[in-house]
Amino acid sequence: MVSKAPINSSIVVESRPSAIEKVCKQILSKLKANGFDKDDIFAVHLALEEAFLNAVKHGNKMDPTKEVKIDYSVGLDKVEISMTDEGEGFEPEAVADPRYGEGLYKPGGRGLLLINSYMDMVKFNERGNGLYMVRYKEKPPLTKRADQTKV
Amino acid sequence: MAEIKPRISVEYAEKATIVSFTDEKILEERDIKALQDSIMSVVEQTKRIKLILDFGNVQFLSSAVLGLLIRLSKRIYEHDGQLKLCNINPKIFEIFKITRLTKTFDIYKDVESAVEDLSQAN
């Protein structure tokens, strides 16, 4: 069933990489119900996985006593997700671009690039321990839209 | 009843060793570690291995898998081997393009073209 009002939910999960699975299931099923297509679902799934792994590994340093808070809202045209860990935070601008130089041959450091690539808006809080990301529903192809706007 | 699936299947062809991922999603760190151990043991068993990784079953992966591929390729090249990837679906290929790993890995359309390329090189 399509939800007319955005769905606002808040979940707190433990610092265990697999804990994101149930959160993904919840959010992705709501995206499906609201008519988001496969590309949107793939993108949000990937961003959730990457953001959560960063929060658990780099933020909470795998400390089992720390948690990750996830707030989300699934509307008809966009999905908004906030994720906050209990870590000290980091400076996103200071993260090396993994696409160039030695970064290309390093095993890690690609999560943030993928989040930025698959979500339409990505913002961090001042401390750097909280992420806010948005993806708008995939628009119909340009040619179709051009046809629709013809007078 | 929970199905216990092998994480990879290994096929020994004349010119190459073909490892196929059997899972649709490769995400969890412990799964990736298990995968790495399994593939590394295949790599260690064959001198100058010519390894083809078949992604035909894979529908979703995270950046942790890219890390595994990089560690694996380092090990293979240290042993004068070769690594080829193939059968990557368009959505996953997009991840390789975004991260520019299309520049570091030899990627082929299918197993046959990867095998053919290995045959021509020798």
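So the sequences go chain by chain: A and B.
Okay, so the first sequence: first residue is 1 according to this note's numbering, each after it adds one.
Okay, so the second sequence: first residue is 1001 according to this note's numbering, each after it adds one.
For each residue, glycine too, the CB sits at the ideal point set by N, CA and C.
Continuous beta strand (DSSP E) assignments of at least 3 residues falling wholly in the stretch 1001–1047 of chain B: 1008–1012, 1017–1021
Minimum Cβ-Cβ distance from glutamate 50 of chain A to chain B less than 8 Å: As a first step, residue 50 of chain A is located in the first sequence; it is residue number 50 there, counting from the start. Judged by the 8 Å Cβ criterion, glutamate 50 of chain A is in contact with chain B.
Whole alpha helix (DSSP H) elements within the stretch 1078–1111 of chain B, 4-residue minimum: For the stretch 1078–1111 of chain B, whole alpha helix (DSSP H) runs of length 4 or above, ordered along the chain, are 1090–1098.
Closer than 8 Å to chain A by CB, glutamate 1078 of chain B: Locating residue 1078 of chain B in the second sequence gives position 78, where the first residue counts as 1. No, glutamate 1078 of chain B does not count as interfacial toward chain A.
Status (buried if at least 16 other CB within 10 Å, exposed otherwise) for threonine 1099 of chain B: Here residue 1099 of chain B corresponds to residue number 99 of the second sequence, with the count starting at 1. Flag for threonine 1099 of chain B reads buried.
Interfacial residues, the stretch 1102–1114 of chain B to chain A, with Cβ spacing under 8 Å: Lys1103, Thr1104
Beta-bridge pairing of leucine 1061 of chain B - partner residues as DSSP gives them: Stepping through the second sequence from its first residue, residue 1061 of chain B is reached at position 61. Per DSSP, B:Ile1026.
Outcome for glutamine 1045 of chain B when other beta-carbon atoms lying within 10 angstroms are tallied against a minimum of 16: As a first step, residue 1045 of chain B is located in the second sequence; it is residue number 45 there, counting from the start. Exposed, by the Cβ-count rule.
Close-in-space but distant-in-sequence residues of the same chain around isoleucine 1004 of chain B (CB under 8 Å, 5 per side omitted): As a working note, residue 1004 of chain B is residue 4 in the second sequence. Below a pLDDT of 50, predicted positions are generally treated as unreliable, and isoleucine 1004 of chain B, at 45, falls in that range; the measurement from the model is reported next regardless. Excluding sequence neighbours, isoleucine 1004 of chain B sits near nothing in its chain.
For aspartate 71 of chain A and leucine 158 of chain A, the rounded distance between their alpha carbons: Residue 158 of chain A lies beyond the range of chain A shown here (1 to 151); nothing can be said about it.
Buried or exposed by the 16-neighbour rule on C-beta atoms within 10 Å, applied to valine 151 of chain A: What you label residue 151 of chain A is simply residue 151 of the first sequence in a count that begins at 1. At valine 151 of chain A, the pLDDT of 45 sits below 50, so the modelled position is not reliable and the matter cannot be decided from this model.
Chain B contact residues for glycine 128 of chain A, given Cβ-Cβ distances below 7 Å: Start at 1 with the first residue of the first sequence, and residue 128 of chain A comes out as number 128. By Cβ distance, chain B contributes nothing, its closest Cβ being about 19 Å from glycine 128 of chain A, past 7 Å.
Assigned exposure category for glycine 59 of chain A - 16 Cβ within 10 Å defines buried: For the purposes of this step, residue 59 of chain A is taken as residue 59 along the first sequence, with counting starting at 1. Result: buried.
Start-end ranges of the alpha helix (DSSP H) lying completely within the stretch 98–126 of chain A, minimum 4 residues: 111–118
Under 8 Å between C-beta atoms of tyrosine 100 of chain A and isoleucine 1070 of chain B: The residue given as residue 100 of chain A occupies position 100 in the first sequence. The residue given as residue 1070 of chain B occupies position 70 in the second sequence. Going by C-beta atoms, tyrosine 100 of chain A is not nearer than 8 Å to isoleucine 1070 of chain B.
Residues within the stretch 1048–1071 of chain B neighbouring chain A, beta-carbon criterion of under 8 Å: From the stretch 1048–1071 of chain B, only Phe1060, Ser1062, Ser1063, Ala1064, Leu1066, Gly1067, Leu1068, Ile1070, Arg1071 have a Cβ closer than 8 Å to chain A.
Assigned exposure category for asparagine 34 of chain A - 16 Cβ within 10 Å defines buried: Sequence index remark: in the first sequence, residue 34 of chain A carries index 34 (1-based). Label assigned to asparagine 34 of chain A: buried.
Cα-Cα separation between tyrosine 1108 of chain B and leucine 1035 of chain B, rounded to whole angstroms: Numbered from its first residue, the second sequence carries residue 1108 of chain B at position 108. Numbered from its first residue, the second sequence carries residue 1035 of chain B at position 35. Their backbone Cα atoms lie some 21 Å apart in a straight line.
The stretch 1086–1095 of chain B in contact with the stretch 1109–1117 of chain B per 3-pair CB rule at 8 Å: Of all C-beta pairs linking the stretch 1086–1095 of chain B to the stretch 1109–1117 of chain B, three or more are shorter than 8 Å, placing the two stretches in contact.
Test item: CB-CB of serine 1062 of chain B and glutamate 67 of chain A under 8 Å: By 1-based counting over the second sequence, the position of residue 1062 of chain B is 62. By 1-based counting over the first sequence, the position of residue 67 of chain A is 67. Not closer than 8 Å, so no.
Buried or exposed (CB count within 10 angstroms, at least 16 for buried), glycine 1056 of chain B: Here residue 1056 of chain B corresponds to residue number 56 of the second sequence, with the count starting at 1. Exposed, by the Cβ-count rule.
Contact check, glycine 79 of chain A vs leucine 31 of chain A, beta carbons under 8 Å: The count along the first sequence starts at 1 and reaches residue 79 of chain A at position 79. The count along the first sequence starts at 1 and reaches residue 31 of chain A at position 31. A small correction: the amino acid at residue 79 of chain A is valine; glycine does not occupy that position in the sequence shown. The answer is yes: Cβ separation under 8 Å.
Min CB distance tyrosine 105 of chain A to chain B below 8 Å: Here residue 105 of chain A is taken as the residue at index 105 of the first sequence, counted from 1. Taking Cβ atoms only, chain B reaches closer than 8 Å to tyrosine 105 of chain A, which makes this a yes.
Within chain A, partners of leucine 1027 of chain B - CB distance below 7 Å: Counting from 1 along the second sequence, the entry for residue 1027 of chain B is found at position 27. Within chain A, the residues Glu49 have their CB atoms less than 7 Å from the CB of leucine 1027 of chain B, given in chain order.
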